[in-house]
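Engineer: This structure is in C-alpha cells; I'll ask about it shortly.
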Amino acid sequence: MSNTTLVQHPNSLQGARLPKWSPWAIAAGSLGVSIGLCLATGVESRIQWGLIAALLFVLGTYVIAGKVEGRRQAKDRIATSLVWVAFLLAVVPLVSLVWTTIARGIKVLDVYFLTHSMGVVADSEPGGGIYHAIIGTLEQVGIATLIAAPIGVLTAIYLVEYGRGALARSVTFFVDVMTGIPSIVAGLFILSLMLIFDMSFSGFAGALALAILMMPVVVRSTEEMLKLVPNELREASLALGVPKWRTILKVVLPTAVGGITTGVMLAVARIAGETAPVLLLVFGNPFINNNPFEGAQASLPLYIYQQYANSAGSEAAYDRAWAAALTLIAFVMILNLAARGIARWKAPKSGR
1 MSNTTLVQHP
11 NSLQGARLPK
21 WSPWAIAAGS
31 LGVSIGLCLA
41 TGVESRIQWG
51 LIAALLFVLG
61 TYVIAGKVEG
71 RRQAKDRIAT
81 SLVWVAFLLA
91 VVPLVSLVWT
101 TIARGIKVLD
111 VYFLTHSMGV
121 VADSEPGGGI
131 YHAIIGTLEQ
141 VGIATLIAAP
151 IGVLTAIYLV
161 EYGRGALARS
171 VTFFVDVMTG
181 IPSIVAGLFI
191 LSLMLIFDMS
201 FSGFAGALAL
211 AILMMPVVVR
221 STEEMLKLVP
231 NELREASLAL
241 GVPKWRTILK
251 VVLPTAVGGI
261 TTGVMLAVAR
271 IAGETAPVLL
281 LVFGNPFINN
291 NPFEGAQASL
301 PLYIYQQYAN
311 SAGSEAAYDR
321 AWAAALTLIA
331 FVMILNLAAR
341 GIARWKAPKS
351 GR
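Rendered as C-alpha cells:
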C-alpha cells in the first residue's frame, strides 16, 4: 500500500513513475530546507533563500527521479525543472516591479489626477495631474503609428513578394541596423533636421523620431507574418488569372492581418515608453496643448522623468511619478490585450 502511494505503476509495460504532485512536494521541501539552513546560518536575504531553494529543487528532482524512474527520465525532469526555475527567475523581478508600481502609484491615481494638468502647480507641491501628458502621448504615438505602420507594411510586402537583388538586400540590411539603433540617435537625427529647417519644439517632431524607432519593428513582424502565408494560396489565386497585386491585397494580407495587427500594436507599445527623443524634441509643457504641430507638449515618459528630476525630494512629486508610471503600464497592457484579441478574432478559422 505504501508503494502505491509514492510510486505509480500505470501498467506492466511501463516503468515506475512519480505521481503528478511530486514536483510540488519537492519544491515545498526544498523551500523548507532552504529557509531552515538560512536561518541556522544567519542568512537573512530572501533572494538567497530563493536561489538556494531553486538549487535544492533541481538536485532533489534529479536524485528522486533517478531512484524511482531511472537516469534517462531523471535527465528529462531536470531539464523541465531548469526551465521552471528560469521562468520564475524572469517572472519574480517583473512581479516585484509591477507590485511596487501599483502600491506606490495607487496613492494619487484617481479621477482628478487623470483629468487635470500640472498647470500652476509646482513640481514640489501636492496636486496636479497627468491629463496633458496623456493627451501628448496619445497624439504623438498616434501620429507615429500613422507614419510608420503603412511604410513598414509596404516595405515588408516588397521584401517578401517582390524583393530580389541588391536593392532588397540593402533594404534588409538597413532594417536590421535600424532595429538596434538607440532612441537618442533617432532624436538627434530629427533635432538636426529641426535646426536645418528652423523648426521649434512640437509633438510632431517627437512623433517623427518615434516613427523611426517603430518602422523596423513593423517591417520585421509583418515580414514574418507574410512568410507564414502558404504559397499554395498565392499559386491558386495566380492560376485563376488574378494579378499579383490583387492576390496580395485580397488573399495574402487578409490571411496575415491578425499577425500584422499584433506586430503593429507591439511596436506601439515599444515606443510608448520612450523618453530620450521626447525630451529632445517635445521639451515638455505643464499646460494642456492639444496641437501637436505647434509648441511644446508633454508625454507620460517625459512627465515621469521630470517629476523625478525636479522633485527636490518632494514626496508628492514621487507619488505623481509612480502614478504616471502605473498609467503608462496600464496603457501598454491594454494595447497588448487588444493585439491578442484582434489576432484571435482575425485568425483563420480552422475546419475539421
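In terms of the UniProt record's numbering, the sequence shown opens at residue 1 and continues consecutively. Idealized CB from N, CA, C, for every residue including glycine.
(1) In angstroms, rounded to a whole number, what distance separates the CA positions of ILE334 and GLY105?
(2) Please classify TRP24 as buried or exposed, where buried requires at least 16 neighbouring CB atoms within 10 angstroms.
(3) Please classify SER192 as buried or exposed, where buried requires at least 16 neighbouring CB atoms within 10 angstroms.
(4) What three-state label does DSSP hand GLY295 in the structure shown?
(5) From the DSSP output, read off the bridge partner residues of ARG344.
(6) Would you kindly report the start and end of the unbroken alpha helix (DSSP H) that includes GLU274?
(7) Could you check if ALA339 is buried or exposed, using at least 16 other CB atoms within 10 Å of its CB as the buried criterion?
(8) Pairing CB atoms from the region 242 to 255 with CB atoms from the region 277 to 290, are three or more of them under 8 Å?
(9) Over the uninterrupted alpha helix (DSSP H) stretch that includes ASN231, give me the two end residues.
(10) Expressed to the nearest angstrom, what Euclidean distance is found between the alpha-carbon atoms of SER311 and ASN285?
(11) Quick one: what's got a C-beta closer than 8 Å to ASP123's C-beta in the same chain, skipping five residues either side?
(12) Leaving aside the five residues before and after PHE239 along the sequence, list all residues of the same chain whose C-beta is less than 7 Å from its C-beta, in chain order.
(13) Roughly how many whole angstroms lie between the Cα atoms of GLY263 and MET214?
(14) Classify SER299 as buried or exposed, calling it buried when 16 or more other Cβ atoms lie within 10 Å of its own Cβ.
(15) Using the C-alpha atoms, what's the distance from LEU233 back to ALA207?
(16) Mapping DSSP to helix, strand and coil, what is ARG164?
(17) Using the C-alpha atoms, what's the distance from ILE135 back to ASN290?
(18) Among LEU55, ILE78 and ALA324, whose alpha-carbon lies nearest the alpha-carbon of SER117?
(19) Are VAL332 and ALA269 closer than 7 Å when you measure CB to CB?
Structural biologist: Taking the structure as given:
(1) Here the alpha carbon of ILE334 sits roughly 18 Å from the alpha carbon of GLY105.
(2) The residue is exposed, with fewer than 16 neighbouring Cβ atoms inside 10 Å.
(3) With fewer than 16 other Cβ atoms within 10 Å, it is exposed.
(4) Strand at GLY295.
(5) Looking at the DSSP assignment, ARG344 forms no beta bridge with any residue, so it has no partner.
(6) Under the DSSP assignment, GLU274 falls outside any alpha helix (DSSP H); it carries neither an H nor an E label.
(7) Looking at its Cβ environment, which holds 16 or more other Cβ atoms inside 10 Å, ALA339 is buried.
(8) Under the Cβ criterion (8 Å, minimum of three pairs), the region 242 to 255 does not count as touching the region 277 to 290.
(9) Unbroken alpha helix (DSSP H) run through ASN231: 231 to 239.
(10) Between SER311 and ASN285, the alpha-carbon positions lie close to 16 Å from each other.
(11) So the qualifying residues of the chain are GLN306, GLN307, ASN310, SER311, ALA312, SER314 and ALA317.
(12) According to the sequence displayed, residue 239 carries Ala and not Phe. Counting only Cβ-Cβ distances below 7 Å, and skipping sequence neighbours, we find nothing.
(13) The alpha-carbon atoms of GLY263 and MET214 are separated by roughly 10 Å.
(14) The residue is buried, with at least 16 neighbouring Cβ atoms inside 10 Å.
(15) Those two C-alpha atoms are separated by around 37 Å.
(16) If DSSP states are grouped into helix, strand and coil, ARG164 belongs with coil.
(17) Distance between the alpha carbons of ASN290 and ILE135 is about 7 Å.
(18) Shortest Cα-Cα distance from SER117 to any of LEU55, ILE78 and ALA324 involves ALA324.
(19) Taking 7 Å as the Cβ cut-off, VAL332 and ALA269 qualify as a contacting pair.
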